[in-house]
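Shown next, in structure tokens, is the structure this report addresses.
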Amino acid sequence: MDVLVVGATGTLGRQIARRALDEGHRVRCLVRSPKRGNFLREWGCDLVRGDLTQPESLTFALEGIEAVIDAATTRSTDSLSCYDVDWQGKVNLIKAATEAGVQRFVFCSIIDAEKHRDVPLMDIKYCTEEFLRQSGLNYTILRLAGFMQGLIAEFAIPVLEGRTAFITQDSDPIAYLSTLDIARFAVAALTTPATEKQTLPVVGPKAWSGLEIFRLCERLSGKETKIARLPLATVSAMKRFFRFFQWGWNIADRLAFSEVMACGRPFTADMAATYTAFGIDPAEITGLESYLNDYFSVMLRRLKELEFDQKKDKKKKVPF
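The opening residue of the sequence shown carries number 1 in full-length UniProt numbering; numbering runs sequentially from there.
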């Protein structure tokens, strides 16, 4: 199948592109900067320059495409706003896909978006879901919670480096899932009839709080770290501050999303219907403890090797 992956240079999108290639699909990636997508070309993807905010570029990108997997979202450092990319850009993409006669459209959304419409990103995701449902496209909406890969910089590295770690006070547990597993669901949706015109949660097997993740990292690494709890009121104050500046709008939107994580219930969902629809065994899905154990095993081995090399070099420099 000829597949267009949108957001392919991102943490999730690159895994979707890789998985689609591995399963024999012909993959085209929409990129704003071909230079940033060089690694995708090396894997075997075709690159097409385009921008969700420029509808004319999407018409060309979709020529000959049978399916679209959309994993794009605004970064906090982007010059474009959340509204520009995650709403207007997605409307442009869905319209262009409809006009191009695309057979399947897979959209990566967020769980519980309809429950938090006061948060800009959540409201936009919900509205995009509704727009896609009414578009006439044969869609599958995958509702995600959080990526395990994002926990490395936030939790694992501070523990390894002995830095003070910050967590939001009273934050709710989140059912993180590896992007490799999410990619498996996204690509499988292209050829799984039971997922057509369905909205399905795709989350990890267990929800973890920030404190639980730090304690897990400490146990797996054999190291301890100091933990500082950031009051939710501080997060709210930071959000209001960044709202004053246009360059801070995306940051403010992310901080507003953080407030959702303190609503008093775990950020997770029942996966039974999803596993049934895809025919996937839950035992095949990577748990957070297994994921972090693999990470620390590799990193601790590398640190030991580095320490050994440094000692060896030091001995060579001693003249007697």
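Yeah, the Cβ is synthetic: ideal placement off N, Cα and C, and Gly gets one too.
Here the structure is a predicted model, which is why all the values come from computation and not from measurement.
Selection Phe267, Leu160, Thr195, Gly64 evaluated against Pro205 yields Phe267 as nearest (Cα-Cα).
DSSP, reduced to helix, strand and coil, places Ser33 outside both helices and strands of the structure shown, so it counts as coil. With fewer than 16 other Cβ atoms inside 10 Å of its own Cβ, Ser33 counts as exposed. Leu142 counts as buried, since no fewer than 16 other beta carbons sit within 10 angstroms of its beta carbon. With respect to the 8 Å criterion, Ala71 and Gly10 are classified as neighbours on the basis of their beta carbons. In this model, Arg265 and Pro173 are separated by some 8 Å (Cα to Cα).
By DSSP's assignment, Ala165 forms a beta bridge with Ile227.
Take Arg18, set aside five residues on each side of it, and the residues of its chain with a beta-carbon closer than 8 Å to its own are Trp43, Ala183, in chain order. Under a 10 Å Cβ-count criterion, Gly101 is classified as exposed, with fewer than 16 other Cβ atoms of the shown protein chains found around its own Cβ. For Cys108, the beta-bridge partners assigned by DSSP are Leu142. DSSP lists Phe147 as the beta-bridge partner residues of Leu177. Glu129 is classed as buried because its beta carbon has at least 16 other beta carbons within 10 Å across all chains shown.
Contact annotation: Ser221 and Val159 have beta-carbon atoms nearer than 8 Å.
DSSP places Pro282 in the helix class (H, G or I) of the three-state scheme. Apart from the 5 residues on each side of it in sequence, Gly136 sits with its Cβ closer than 7 Å to the Cβ of Thr98 in its chain, given in chain order.
Under DSSP, the beta-bridge partners assigned to Thr199 are Ile141. In the DSSP assignment, the residues bridged to Trp208 are Ile174. Between Leu58 and the set Thr164, Met122, Gly287, Cys29, the nearest pair of CA atoms involves Cys29. By the neighbour-count definition (other C-beta atoms within 10 Å, threshold 16), Thr73 is a buried residue.
Counting along the chain, the unbroken alpha helix (DSSP H) around Val91 starts and ends at 90 to 100.
The straight-line gap separating the alpha-carbon atoms of Glu23 and Ser209 is approximately 35 Å.
In this structure, Leu190 lies away from Ala273, with their beta-carbon atoms at least 8 Å apart.
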